[in-house]
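Each residue of the sequence shown is one higher than the one before, starting from 69 at the first, in the numbering used here.
From the three backbone atoms N, C-alpha and C, an ideal C-beta is built for every residue, glycine too.
Notes follow once the structure below has been shown.
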Amino acid sequence: MSDARVFAPADTGSLLAWLRAGYAAKRPFWIAGQGDPHPDPAALQLDLSAFNQTLFFDPDDMVVGVGVGKKHLALQKELAAEGMGLPVNPWFDDDTVGSLVAKNRFGPERLYRGGVRDWVIGMTYATVDGRLIEVGGRVVKNVTGYDLARFMVGNRGELAVLLSVNFKLMPLPHQPEALLFRGPAEAWPRAVAALIKAHIPLDWAQVRLAAGTVRLGVGISGGTARRRSLKVSLEETTGAAWSAPEQSPDESLFHRLADGPALAGLTGAAPVHAYGRLATSVLLQQENYRQDCQVIHPIGADIHRFVANPSVLSANEPEAGVSWVLEQAPPDCAIRRLPAKTPEAVLHQKLKASFDPCGCLPSHFHGG
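Right under this line is the structure:
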């Protein structure tokens, strides 16, 4: 028996007709997998799982176009068969391409490879009033509409309905390997700053904090001589020893990363995944952040915390402000809103007013 609260279009035409009718009636809905449930329990759910095809894939030009319902892991396996990869690998391997883009997911490669917006070259989306919009293109040199596509990255299903995304790609790394630096929790910012200043060509970087200690992992690749040279550069730059991850629970994450970040999915590792931002200097002053088990991206303080109880996120929250986005959280765990006057929030509110003036889509992140 089908759920009357769920609409699962089989094609673009039926979706556009449904959107036009809903817009005329000011009907609220939310997009499954691209944001958090609509605060209105009467809101309909839009299921885009049928939009899961690979629309084109050209290994020679290193580009691919896929529907938003395609699983990210399935896409990576398809690309890997031709020696290609999308260097944006989120922590959860059950993400769809749609959630990857709409939630602006990222993983350990971001410091050296960039984020989602750096690899999107085009997309197709439907507006809430049922218009089909194509921006960007299918080739890297086509720059028309890049900015319009970037507006949709990280919108959490609040502005429009993503249907397909075109990405540029890169070859998979040759003989990838993980190396770790171990030390006190406060040591990692200095180590990362030294690596960035030295311009060492790494594949990825990731910090894991636990019980007051840090493990800074990096990825290297290439032939034996190149990897040996990179290891020497790491040790000379940081003045510390680097070695392969050990067979221990605290370093199991880096074993997964050693074979390539596409294998780093942590689905089911913890009930709640939280993503937050605050200044690195503030982070290091917080005792619970130094001791809590989490991973921190080396750019600023993009924090991923894997917690069983979301209530711990409010403990000792710094006055400087922090925004948490909860994934896989219970329905009663509201997303913390950004302060209303931050540049990010102001821009989002302007986009929201332009793309969705009737408020058909949710406004659960920045506020509307």
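By the three-class DSSP mapping on this structure, what secondary structure does residue i have?
i	result
W272	strand
T80	helix
G427	coil
R283	strand
M130	coil
L168	helix
Q417	helix
W86	helix
R405	With a pLDDT of only 46 at R405, under the threshold of 50, the placement of this residue in the model should not be trusted; the figure read from the coordinates follows. It is coil, neither helix nor strand.
L325	helix
L240	coil
I288	strand
F219	helix
V74	strand
W310	coil
Should residue i and residue j be called a contact, given that it needs their Cβ atoms to be closer than 8 Å?
i	j	result
W272	P176	yes
V169	V229	no
V165	K138	yes
R206	R185	no
M130	K236	yes
T192	L200	yes
L419	L227	yes
L87	G225	no
L248	G135	no
R173	D163	yes
R95	C428	yes
A312	G251	no
V203	G183	no
G287	L321	no
Q113	A92	no
L263	T305	yes
Can you say whether residue i is buried or exposed, counting buried as having 16 or more other CB atoms within 10 angstroms of its CB?
i	result
G222	buried
N356	Bear in mind that the predicted position of N356 carries a pLDDT of just 45, short of 50, making it unreliable; the figure below should be weighed with that in mind. With fewer than 16 other Cβ atoms within 10 Å, it is exposed.
E49	No information on residue 49 is available, as it lies outside the stretch 69 to 436 that the chain covers here.
E314	exposed
R276	buried
S15	Outside the shown range of the chain (69 to 436) lies residue 15, about which nothing can therefore be said.
F119	buried
A246	buried
K265	exposed
H140	buried
P77	buried
Q274	buried
T292	exposed
H267	exposed
P430	buried
F124	exposed
A369	In this predicted model, A369 has a pLDDT of only 43, less than 50, meaning its place in the structure is not dependable enough to derive any value.
L415	exposed
R73	exposed
P317	exposed
V132	buried
D128	exposed
V260	buried
D215	exposed
A194	buried
Just reading off the beta strand (DSSP E) that residue i is part of, what are its end residues?
i	result
R295	Note, R295: premise wrong, no beta strand (DSSP E); alpha helix (DSSP H) at 292-306.
Q315	Segment: none, Q315 is in no beta strand (DSSP E) and carries neither H nor E.
G251	245-252
A194	188-194
L112	112-114
L230	229-236
L200	200-204
W98	97-99
Got a sec, what are the start and stop residues for the alpha helix (DSSP H) residue i sits in?
i	result
V260	256-266
E146	140-148
R178	178-181
If we cut at 8 Å on Cβ distances, does residue i have a partner in chain C?
i	result
M238	This model lacks chain C altogether; it includes just one protein chain.
Between the segment 150-168 and the segment 239-247, are three or more C-beta pairs nearer than 8 Å? Yes, since at least three Cβ pairs between the segment 150-168 and the segment 239-247 fall closer than 8 Å, the two stretches touch.
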